[in-house]
Amino acid sequence: MLSMIRQLLDNWIVRAFFVVLIGVFVFWGVSSVVMGIGASDAIATVGGQPIKIEAVNAAYQRTLNAYATQNSGREPSKGERRLFADQALGTAIDRAAMELEARRMGVVAPPAAIRQQVFAIPAFHGPDGKFDKATFNAVLANHNLTPAAFMAEIASGLKTSQIIDAVTAGVSAPAPLVDQIFAYAAQERTVQFAQLPFAAANPPPAPAETVLRRYWRDHPGRFSTPALRDADVVVLSPALIARGEAVSQAEIAAQYQQEKAKFAQTPTRTVEIITAEDAKNAAALAKAWKGGADWAAMQKAAAAATATAIVMTDAKPSDLPSATLAKAAFAATPGEVSAPVKGALGTYVFKVTKAVAGGDKPLSAVADQIRAEIQLRKARNVVDNTLSHLQDALAGSTALGKLPASLHLAKARVSVDREGMTVDGKPAGIPGPAALRQAIVKAIFATAPGNTPQAVSGPGDSYYAIAVHRIIKPALKPYDKVKADVLADWTGAQVERQEEVAAAKLLTAVKGGKTLAAAASAAGLTVTTSAPMTRAKPAKGVPPQLAQVAFSLKKGAPTMVQTQEGFVVGVVSDIAEPKPGSDAAFHQRVADSLGQSMQEDVLQTYAAALRQRDHVKINTKLLNQISN
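Residue numbers (the numbering used here): 662 to 1289.
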């Protein structure tokens, strides 16, 4: 071989080729080294400034911990983990872009403002209600934050808020638009309607056998077996394997110590709150409340005094609308009506109805949750280590029913319809959680008989393989076995037709000039008049189908709708347009909602412009590492 190459090198064309070939290899080698220089743990760059993967991963882990707490320890799926990673990165990018913008514009966060904001956070207050450094350090440690990092976030937030306030300062909803939306939402309509329920109709006598047999033949879709598919299914799922994974008490204790902050319970309060415009109204409401009025009565009293009454359930200090209110609520005795508390939005009167103390949950309270997490983690490792063996077995054309037990598979042979049911209408015995079973059924009906089984990823980090053997077409059930069903179905169809004809006659009479009351009385029906209703608040007792179309009708125009219970004929008897100033509070809520929506649109456009100007680049490989 070497002698041949030497001979070929005598040819100048071949020499040129080798020069080019050597140059390519040299370029590849050098370029790989060059590309390695400066390679870092930056998951993204914004304006040339790196965003470290550690910062994004920390935010991602906090989201995972919150998810586990809210879902009783259940771990998120692969898709949810990727979504959380994307959200963490997106937040980091927007923060970095805002920081660059603040630097360009010379926006600063004065130390006094930073200190004032930190000192005002209730979570950092000690027993005396003032900022306590030991509490501050403990709270940050529980959330895996250092004081320096937290203060930097506060400073960044203050700078960002200044930019946001400047960008959105002049953004508000135009008055004509607010008035138009208010008029649309606050318009009231009253309807009159008569109901023709199927249950009140006189069913016809049973027909001749020939009629029923003809009905049975003419409606095969109602009296046939469903289309079925006969298939073998194997499932490799962490949810199924986890149950058999052994977990020692030492493992549980070790994870508890490692993730103790995750099991910290935040103190919460359920609070009934009335916000009055001034101290005088607040004092009067507090007096009535302390006098024994219940919450329903206080809601009415608040409305009469142009105050607002709300209930905040399991609220954290940061959830309450005022730091002053939060401080008072978390210091209050449950069951007692507070004295008026002045805040930024008005004067508050409140009563704490439920108090949950904060602190670490003991190991005994979370041992089962930790055991399930460890079992699921071990099961995921089993799936990862087994998948390649399953793929090899399938590549070797091993029948699904003969796959070895060492692959940790759950197996089933099913005849299933598109709804996951057997011919008897019972759930087919497909193993796995509901989402996985649905995916398998969908795959069964998308696979042709005889196709080679393959390992397919499914919900919950699971894998499955299917082999469809045959398609079982729908078949008309024997008449003798479904005779009772045919009679019931035929009777229901006749009753429905009978009531539809009666409702149509009533509608025709109203269209011909009769009032609904007169036409209904002639038909032996009663008419119901609703309370005034708006688009957002239908009147009690009005069928939803009628309420839905009532706002598209002119006054006096009749309509006919069908419900599950029967037919309804209705007429819009009155339309009341809202008067200017009739509901100032609701008008203001419309204006605030529209203004907030417009501000969000402006901010989204602004953030997108910053990203484009700063030439954001994302390292997809590192992003995948976080979520995987």
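No residue lacks a Cβ here, since even glycine has one placed at the ideal position from N, Cα and C.
Note that the structure is a prediction, hence the values are computed from the model and not measured.
Of the residues the options, the one placed nearest residue i, counting alpha carbons only
i        : options                                   : result
Val-1075 : Val-895, Pro-864 and Ser-1254             : Val-895
Pro-1219 : Ser-1213, Phe-1212, Gly-1231 and Gln-1225 : Gly-1231
Ile-1317 : Glu-1034, Thr-724, Ala-844 and Ile-775    : Outside the displayed range of the chain (662 to 1289) lies residue 1317, so it cannot be described from this structure.
Gln-748  : Val-1222, Asn-718, Ala-773 and Glu-760    : Asn-718
Val-1077 : Ser-1067, Leu-1070 and Ile-1091           : Ile-1091
Leu-1048 : Gly-1256, Leu-1068, Leu-1271 and Ala-830  : Leu-1068
Gly-790  : Ala-989, Gly-1081, Ala-962 and Lys-1012   : Ala-989
Ala-966  : Asp-975, Ala-943 and Ala-987              : Ala-943
Ala-770  : Ile-1287, Ser-817 and Thr-796             : Ser-817
Pro-788  : Ala-827, Ala-1170, Ala-992 and Ser-1182   : Ala-992
Ala-1163 : Gly-1185, Val-1147, Pro-1204 and Gly-1174 : Gly-1185
Lys-1215 : Pro-864, Pro-1135, Val-852 and Arg-735    : Val-852
Ala-867  : Pro-1065, Ser-1288, Leu-1167 and Val-1147 : Val-1147
Arg-883  : Glu-1238, Arg-765, Ala-1149 and Ala-907   : Ala-1149
Ala-1071 : Ala-911, Thr-1059 and Tyr-1125            : Tyr-1125
Ser-1234 : Asp-1275, Ala-1269, Leu-1177 and Val-1277 : Leu-1177
Val-832  : Arg-1272, Gly-1256, Asp-1275 and Asn-1280 : Gly-1256
Ala-1100 : Asp-793, Thr-1108, Pro-1120 and Thr-1195  : Pro-1120
Under the three-state DSSP convention, the category residue i falls into
i        : result
His-1248 : helix
Lys-1072 : strand
Gln-1273 : helix
Ser-885  : strand
His-804  : coil
Lys-713  : strand
Gln-856  : strand
Gly-699  : Per-residue confidence for Gly-699 stands at a pLDDT of 39, beneath the threshold of 50, marking its modelled position as unreliable; no derived number is given.
Ser-1025 : helix
Ala-880  : Per the sequence shown, residue 880 should be read as His rather than Ala. Three-state DSSP puts His-880 in coil, outside helix and strand.
Ile-1279 : strand
Asp-1045 : helix
Gly-1119 : strand
Ala-705  : strand
Gly-1020 : strand
Lys-1172 : helix
Ala-727  : helix
Leu-1284 : helix
Phe-991  : helix
Ile-1088 : Sequence inspection shows Pro at residue 1088; the Ile mentioned does not correspond to that position. Looking at Pro-1088 - three-state DSSP - the assignment turns out to be strand.
Asp-980  : helix
Thr-1152 : helix
Ala-1262 : A quick correction: the sequence has Asp, not Ala, at residue 1262. Here Asp-1262 sits in helix by DSSP.
Lys-1015 : strand
Beta bridge counterpart(s) of residue i as assigned by DSSP
i        : result
Gly-1057 : Note: Gly-1057 sits in no beta bridge, so no partner.
Arg-1131 : Asp-891
Ala-970  : Ile-935
Phe-1228 : Leu-857 and Gln-1223
Ile-1236 : Arg-850
Val-1002 : Tyr-1009
Met-959  : None, per the DSSP bridge assignment.
His-786  : Phe-792
Counted within 10 angstroms of its Cβ, other Cβ atoms place residue i as buried (16 or more) or exposed
i        : result
Val-687  : Model confidence at Val-687 stands at a pLDDT of 37, short of 50, so the residue's coordinates are unreliable; what they give is reported in the following sentence. Val-687 comes out exposed.
Trp-1151 : buried
Glu-760  : buried
Ala-1208 : buried
Pro-808  : exposed
Met-1221 : buried
Ser-628  : The question about residue 628 has no answer, for the chain in this structure spans 662 to 1289.
Val-1017 : exposed
Glu-1160 : buried
Glu-997  : exposed
Pro-1165 : Per the sequence presented here, residue 1165 reads as Ala, with Pro not at that position. Ala-1165 comes out exposed.
His-786  : buried
Arg-667  : Low local confidence applies: a pLDDT of 41 at Arg-667 is under 50, so the model's placement there is unreliable, with the coordinate-based value given in what follows. Under this definition Arg-667 is an exposed residue.
Lys-961  : exposed
Asn-762  : Contrary to the premise, residue 762 reads as Glu rather than Asn in this sequence. Under this definition Glu-762 is a buried residue.
Thr-871  : exposed
Residue i at chain B interface by Cβ criterion, 9 Å
i        : result
Pro-1114 : No chain B appears in the structure shown, which is made up of a single protein chain.
Exercise. When the Cβ atoms of the region 1185-1197 are set against those of the region 895-915, are three or more pairs found closer than 8 Å?
Worked result: As far as the Cβ criterion goes, the region 1185-1197 does not touch the region 895-915, which means the pair count is below three.
Exercise. Between the region 797-812 and the region 727-745, do three or more beta carbon pairs fall short of 8 Å?
Worked result: No, because fewer than three Cβ pairs between the region 797-812 and the region 727-745 fall closer than 8 Å, the two stretches do not touch.
Exercise. Do the region 980-992 and the region 921-941 make contact, defined as three or more Cβ pairs closer than 8 Å?
Worked result: They touch, by the three-pair rule.
Problem set entry | Cβ contact check for the region 946-965 and the region 994-1012: 3 or more pairs under 8 Å | At 8 Å Cβ cutoff, the stretches touch.
Problem set entry | Three or more C-beta pairs below 8 Å linking the region 1007-1025 and the region 874-884 | Remark: fewer than three beta-carbon pairs, one from each stretch, lie closer than 8 Å, so the region 1007-1025 and the region 874-884 are not flagged as touching.
Exercise. Taking contact to mean at least 3 C-beta pairs separated by less than 8 Å, is the region 1079-1089 in contact with the region 911-918?
Worked result: The region 1079-1089 is not in contact with the region 911-918.
Exercise. Should the region 1125-1135 be called in touch with the region 886-895, which here means at least 3 C-beta pairs below 8 Å?
Worked result: With a cut-off of 8 Å on Cβ pairs, the region 1125-1135 is in contact with the region 886-895, counting three or more such pairs.
Problem set entry | Stretch pair the region 1103-1110 + the region 854-862: three plus CB contacts closer than 8 Å | With the cut-off at 8 Å, the region 1103-1110 and the region 854-862 do not touch.
For this session: State whether the region 816-830 contacts the region 1109-1124, with contact taken as three or more CB pairs (one from each stretch) at a distance under 8 Å.
Result: Counting Cβ pairs under 8 Å, fewer than three are found: no touch.
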